[in-house]
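Going by the UniProt record's numbering, the first residue of the sequence shown is number 1, and it counts up by one from there. Yeah, the Cβ is synthetic: ideal placement off N, Cα and C, and Gly gets one too. In this text the structure is predicted, and so the values were computed from the model without any measurement. Below you'll find the structure, written out as structure tokens, and then a few comments.
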Amino acid sequence: MIVKHVSSLSLFSNEFKGTFSPSQVSQFLVICISSLMASTTKELAFKAGVPFIRIYKDGKVERLRGSPHVPPSPDKDPETGVSSKDITISHNPNISARLYLPNLPQNQIQKLPILVYFHGGVFCIESAFSLQAHRYLNRLVSEAQVVAVSVEYRLAPENPLPVAYEDSWAALQWVASHSNKQELDGKKDPWLAKYGDFDRLYIGGDSAGGNIAHNLAIKAGLESLYGGVRILGVFLSHSYFWGSKPIGSEPKGEDFEKTLEYKAWDFVYPSAPGGHDNPMVNPVGEGAPSLAGLGCSKLLVCVAGKDQLRDRGVWYFNLVRESGWKGEVELFEVKEEEHCYHLRSETETENVKKLLKRLASFLVSSDTAVPRGSALNIYPRL
């Protein structure tokens, strides 16, 4: 390829000998050849299954979409008064998080609910430190008055699934470890230790983050969290669930396999047992644990009417209702909105406010707290 282009450059130099000096032509040729050689090292290895990822032969991964990273606000966000800071959960593997604390009176004594949040981005873009996640968590923490931990899990394709699930579980266990004050040390966070109510622990997320929250709730129903801490509630917003066959209004036939949701799963979890019916993405795929074993007491499923994942969310809600799970489940829909509109909105529109208020009311309920070490309370199913 380089030889071909060098031949073209030679023709160029002969054609313009009388126009430019020999030194100018030489300099131009050096620049062009250097650029060509550099471009070959960045040649695409293959086209990824998602249109906003490029993988080059030199191993570099380029993300073409995603909101920019922004710093935390240790001196309080000017709009919400929420403080935030970045912390390291683990050096090996590399797991970090951004913590959020609402604007509190100096003599604050009452403990606050804890939210462990997982960002979206098809498991391969976005971040706990991104503008969208930061703006959204500021709004939610201010509205709900909770302590929040936004987890920075590792992304595919550098770290294909199930790495994101493993990182997120490790982060959740780290949060739970703060429940034992007698074992607090320099590795523990003072915000969680001082303000966190571990009898009101919630997890939640958007899109891929909602998928993570579901899978962690399933895992929490099978394995114990540190110190006997239990998850009180889980919210799933516009969650990424899929399968090998379409449901509802999803595209049919070959068009179904061309959807981003279909291609993305192959890309982020190429070795997934069962493919698109792997239980991590299809909650009733072969070998999936029963949804009756969800390790929480209440569940809020949020969908948007114009979201391609809308029907999967409603489907999941009905699956949980029919599973025999002994918890309280609710569906919340904003019909006129698209996927993750609440994250993309620069301003608090009426529909963003509706969702924030619904999530806040879900997170601040105190009458359903589950004491550590006790059995989960039983609630009527909707």
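Rounded to the nearest angstrom, what separates residue i and residue j at their Cα positions?
i, j, result
"Leu291", "Ser150", "25 Å"
"Phe332", "Val314", "10 Å"
"Leu29", "Arg63", "Low confidence applies to Leu29: its pLDDT is 45, below 50, so where it sits in the model is not reliable enough to give any reading."
"Leu216", "Lys188", "22 Å"
"Ala148", "Gly253", "42 Å"
"His119", "Ala133", "7 Å"
"Asp58", "Gly275", "28 Å"
"Lys76", "Val284", "43 Å"
"Tyr341", "Val334", "10 Å"
"Pro289", "Phe317", "16 Å"
"Arg381", "Trp325", "Interpretation of Arg381 is limited by its pLDDT of 29, a score under 50 that renders its predicted location unreliable; no figure is taken from the coordinates."
"Ala156", "Ile55", "11 Å"
"Ala360", "Gly204", "12 Å"
"Gly248", "Leu319", "14 Å"
"Thr40", "Glu126", "Any reading at Thr40 is ruled out, since the residue's pLDDT is 44, under 50, leaving its predicted position unreliable."
"Tyr117", "Lys245", "30 Å"
"Ser177", "Glu158", "29 Å"
"Glu338", "Ser90", "35 Å"
"Val61", "Gln106", "46 Å"
Taking residue i as part of the beta strand (DSSP E), name the residues at either end of that continuous run.
i, result
"Gly204", "196-206"
"Leu161", "No beta strand (DSSP E) contains Leu161, which DSSP labels as neither H nor E."
"Lys85", "83-90"
"Phe118", "112-118"
"Phe332", "328-334"
"Glu62", "61-63"
"Gly233", "231-237"
"Leu299", "298-304"
Within its chain, find whatever has a CB closer than 6 Å to the CB of residue i; leave out the 5 residues flanking it on each side and keep chain order.
i, result
"Tyr240", "Ser207, Ala208, Asn211"
"Lys263", "Gly49"
"Ala164", "Phe123, Tyr153"
So, for residue i: in the same chain, excluding its five sequence neighbours on each side, which residues have a beta-carbon less than 8 Å away from its beta-carbon?
i, result
"Arg358", "Leu300, Cys302, Phe332"
"Tyr195", "Leu101, Leu104, Gln108, Lys111, Leu112, Val147"
"Lys258", "Pro251"
"Asn138", "Ser73, Asp77, Glu79, Thr80, Val82, Ser84, Tyr100"
"Leu355", "Ser237, Cys302, Phe332, Val334, His342"
"Lys181", "Ala193"
"Leu44", "Arg54, Ile55, Tyr56, Lys57"
In the DSSP assignment, find the unbroken alpha helix (DSSP H) run with residue i in it and report its ends.
i, result
"Ala133", "131-144"
"Gly313", "310-322"
"Arg358", "350-364"
"Tyr262", "260-268"
"Tyr226", "Where Tyr226 is concerned, there is no enclosing alpha helix (DSSP H), given that its DSSP letter is neither H nor E."
"Arg344", "341-344"
"Glu152", "Looking at the DSSP string, Glu152 is not in any alpha helix (DSSP H); the run it does join, the beta strand (DSSP E), is 147-152."
"Phe256", "254-257"
Have a look at the options and flag the residue whose alpha-carbon is nearest the alpha-carbon of residue i.
i, options, result
"Asn282", "Arg312, Pro270, Cys296", "Arg312"
"Glu166", "Leu192, Asn92, Lys245", "Asn92"
"Ser297", "Glu336, Ser96, Leu201, Gln106", "Leu201"
"Pro51", "Gly227, Ser249, Val268", "Val268"
"Ala272", "Leu161, Arg135, Ala45", "Leu161"
"Glu261", "Tyr226, Leu309, Asp199", "Leu309"
"Arg321", "Pro270, Glu337, Gly293, Lys219", "Gly293"
"Leu232", "Met280, Asp197, Ser90", "Asp197"
"Thr347", "Ile87, Arg135, Ile89, Lys60", "Arg135"
"Ala128", "Ser96, Ser90, Gly327", "Ser96"
"Asp307", "Met280, Glu330, Glu336", "Glu336"
Using a 10 Å radius around the Cβ and a threshold of 16 neighbouring Cβ atoms, would you call residue i buried or exposed?
i, result
"His69", "exposed"
"Gly121", "buried"
"Arg65", "exposed"
"Gly295", "buried"
"Gly287", "exposed"
"Asp255", "exposed"
"Leu222", "exposed"
"Ser224", "exposed"
"Gly243", "buried"
"Gly327", "buried"
"Asn94", "exposed"
"Glu143", "buried"
Given residue i, which residues of its chain have a CB within under 7 Å of its CB, disregarding the five upstream and five downstream residues?
i, result
"Ser345", "Val352"
"Gln145", "Pro102, Leu112, Val364"
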